[in-house]
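If you count the sequence shown from 1, position 487 lands on 1303 in our numbering, and the numbers rise without skipping. Note that the Cβ used here is the ideal one computed from N, Cα and C, for glycine as well. Values in this document were obtained by computation on a predicted structure and should not be read as measured data. Remarks on the structure that follows.
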Amino acid sequence: MEFSHVVEPALTASTDLLVMVAFGDPTKDPTFRTLDTATGKGLSEAARSESFEGKAGQSLVFWANGAVKAKRIAVLGAGPKAEVELPALRDVGAIAAQIANKVGAKSLALVVPSFGAPREPAAIQMVAEGSILGTYKFGRYLTGAEAKKSPSLQHFGFIVDTKGKKPTAAQTRAFKGAVERAEVVAAAISRARDMVNEPAAYMTPTQVAAEAEAIAKKHDTVTVHVLGAKKCEDLGMGMFLAVGKGSDQEPKLVHLVYKPKKAKKKIALIGKGVTFDSGGYSLKPSNAMEDMKVDMSGAAAVIAAMDAIATLGCEHEVHAVAACCENLVSGRAYKLGDVLTSMDGTTVEINNTDAEGRLTLGDAITYVRTKIQPDEMFDFATLTGACMVALGPYTAGVMSDHDGLCRAWLAAAERAGEDMWRLPLTSRLREQLKSPVADMRNTGDRFGGAITAGLFLKTFAKDTPWVHVDIAGPASISSSRPCQPRGGTGFAVASIVEYLAKR
817 MEFSHVVEPA LTASTDLLVM VAFGDPTKDP TFRTLDTATG KGLSEAARSE SFEGKAGQSL
877 VFWANGAVKA KRIAVLGAGP KAEVELPALR DVGAIAAQIA NKVGAKSLAL VVPSFGAPRE
937 PAAIQMVAEG SILGTYKFGR YLTGAEAKKS PSLQHFGFIV DTKGKKPTAA QTRAFKGAVE
997 RAEVVAAAIS RARDMVNEPA AYMTPTQVAA EAEAIAKKHD TVTVHVLGAK KCEDLGMGMF
1057 LAVGKGSDQE PKLVHLVYKP KKAKKKIALI GKGVTFDSGG YSLKPSNAME DMKVDMSGAA
1117 AVIAAMDAIA TLGCEHEVHA VAACCENLVS GRAYKLGDVL TSMDGTTVEI NNTDAEGRLT
1177 LGDAITYVRT KIQPDEMFDF ATLTGACMVA LGPYTAGVMS DHDGLCRAWL AAAERAGEDM
1237 WRLPLTSRLR EQLKSPVADM RNTGDRFGGA ITAGLFLKTF AKDTPWVHVD IAGPASISSS
1297 RPCQPRGGTG FAVASIVEYL AKR
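Now the structure itself:
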């Protein structure tokens, strides 16, 4: 799909579908009134007959019948403007593209809502991202006629109010930069979605490593190192290797490195990469296991984000480390009551083999802390159902005892439009991790499960500035939203890119 800066006003824009956004009552919008006059009040009559009030999620499609140059007019509701944040415009872009494909439109021109000149590029970026993400489809295994059907929309234009003047060179550069960034971010999110949506029989630890190798091959600034079981054993990664013992698939520690010419800081991204989680001997019921290919969403996010970071550039040296394995049941699988020795020598009693993510991450964090020695590190993991109970399916839980770093991360997530909320690392709950036979056990009691998981990881982060992001809820969804079809969402990619990539 191509994007362009449309210089004509809405009335004379030659396009298959003209789109405008209504923030509440559409009749108060100057563009709506202009179009309504051109259509002989047909647009306002259609709005009344369909009870269109400009609420978020509402849409009105009107056949122009020659009243304007566009063949159709679509009005998309967004709710009161005072309540609309820029990331909500992703949904506008998604719905606009979906309507265009539904009516068979090849071209679309959207009147960019005004949020002030300084925020105009960000608004364009969000709409463009939404138009790509809203038409994402994982159809690799579909064989019917519908699967082979290509989207009709080929051209997405943006009508920006330039006060009747030709866009300046600065405005043109800003538009181009916003669109290019949107394409890069959306491509990275789509890559992460593809990785998560693939069946576990295909997206094995070896295949995750292959995905990372493909990114490294694409960029001169990126290198990759893949550590197999023997190398991980030599490093003493007893927790990580124990989780993977029940599978015939070899565990892989995947390490991508982005190096600019002059780096200000060294930053590490760590992703949980359990490519299928049966729960081990603490076996999950079938209905809780069927979607457990998504348990590598953290790994997918950090690997896919590296592609965007390398494309856009970053002033820091960035490392992405993904601890990838399967958690299965067999005669070799680790068992309840086992005592494991971690890479840093800490011993851990296993009282739940379905609390495996923290074991893989614990060794990955130690690897990062001792071998990379970063200035900052972040981990991303579908770690606990307890976080979903606390925050619901759309919000990630964030934990850290480094306030400044945590605030900076949450600010980036807010700009990126990804819902995150800080949870406390309540030290009193560490008592729950005490073990009579080892330094600690891998799970606590019933209450505070998301926090005790964070405290477990903090044991291995030690004093390195660190943020833990539990993405168990938003990593996948069971029913579609405008920008997110059912399945993997690519959550956290946008926030990582916002935090790290150059503008």
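Residue i: first and last residue of the uninterrupted alpha helix (DSSP H) it sits in
i: Ser860; result: Gly858 to Ser865
i: Leu949; result: Glu936 to Leu949
i: Phe974; result: From DSSP, Phe974 is part of no alpha helix (DSSP H) but of the beta strand (DSSP E) over His971 to Ile975.
i: Ala1232; result: Asp1219 to Ala1232
i: Thr1268; result: Gly1265 to Ala1277
i: Gly1208; result: Here Gly1208 belongs to no alpha helix (DSSP H), and DSSP marks it neither H nor E.
i: Ala854; result: Pro846 to Ala854
i: Leu1057; result: Gly1054 to Gly1060
i: Arg1148; result: Unbroken run through Arg1148: none, as it is neither H nor E.
i: Val1313; result: Val1309 to Leu1316
i: Thr1200; result: Note, Thr1200: premise wrong, no alpha helix (DSSP H); not H, not E.
For residue j and residue i, the rounded distance between their alpha carbons
i: Cys1222; j: Trp1237; result: 10 Å
i: Lys964; j: Gln1300; result: 20 Å
i: Asn1013; j: Val1090; result: 14 Å
i: Ala1109; j: His1041; result: Residue identity check: residue 1109 is Lys in the sequence provided, not Ala. One C-alpha to the other measures close to 24 Å.
i: Thr1268; j: Glu1027; result: 32 Å
i: Arg849; j: Leu827; result: 11 Å
i: Ser860; j: Ser966; result: 33 Å
i: Ser1146; j: Ser1063; result: 7 Å
i: Val976; j: Val822; result: 7 Å
i: Ala1121; j: Phe868; result: 39 Å
i: Tyr1315; j: Ala1228; result: 5 Å
i: Thr855; j: Leu949; result: 32 Å
i: Ile915; j: Pro846; result: 23 Å
i: Met1256; j: Glu818; result: 55 Å
i: Asp1191; j: Asp1217; result: 15 Å
i: Ala1045; j: Met1112; result: 18 Å
i: Thr1242; j: Asn1167; result: 21 Å
Whole-number beta carbon distance between residue j and residue i, since they are thought to touch under 8 Å
i: Ile1287; j: Ala1212; result: 5 Å
i: Val1313; j: Val1001; result: 5 Å
i: Glu1165; j: Val1253; result: 5 Å
i: Gly909; j: Glu945; result: 7 Å
i: Val891; j: Ala838; result: 5 Å
i: Ile1181; j: His1135; result: Contact doesn't hold; Cβ gap of about 12 Å is too wide.
i: Gly1052; j: Met1159; result: 5 Å
i: Thr831; j: Ala913; result: Rounded, the Cβ-Cβ distance is 13 Å, inconsistent with contact.
i: Glu1031; j: Leu969; result: Residue identity differs from the one stated: residue 1031 is Ile in this sequence, not Glu. About 28 Å separates the two Cβ atoms, so there is no contact after all.
i: Leu834; j: Val884; result: 7 Å
i: Leu1099; j: Lys1068; result: With 8 Å as the limit, Leu1099 and Lys1068 do not qualify as a contact, their Cβ atoms being about 24 Å apart.
Start-to-end residues for the beta strand (DSSP E) that takes in residue i
i: Ile1083; result: Lys1082 to Asp1093
i: Gly893; result: Arg888 to Gly893
i: Val837; result: Leu833 to Ala838
i: Arg1185; result: It is not in any beta strand (DSSP E) - Arg1185 carries neither H nor E in the DSSP assignment.
Identified DSSP bridge partners for residue i
i: Gly1304; result: Ser1292
i: Lys1068; result: Cys1140
i: Phe1194; result: Leu1085 and Val1283
i: Val1042; result: Val1070
i: Ala1016; result: According to DSSP, which records beta bridges pairwise, Ala1016 is partnered with nothing at all.
i: Arg1257; result: Glu1165
i: Ser875; result: Leu892
i: His1135; result: Val1073 and Ala1084
i: Glu818; result: His971
query: Is the region 1120-1134 touching the region 1168-1183 in the sense that three or more CB pairs, one from each, lie closer than 8 Å?
result: no
- prompt: Per the contact definition of three or more C-beta pairs closer than 8 Å, is the region 1080-1097 in contact with the region 1140-1147?
  reply: yes
- prompt: Contact between the region 887-907 and the region 870-877: three or more CB pairs below 8 Å?
  reply: yes
Inter-stretch contact (C-beta, 8 Å, three-pair minimum) for the region 898-905 and the region 921-941: yes
- request: Determine, using beta-carbon pairs with one atom in the region 1097-1109 and one in the region 1078-1088, whether at least three such pairs fall under 8 Å.
  value: no
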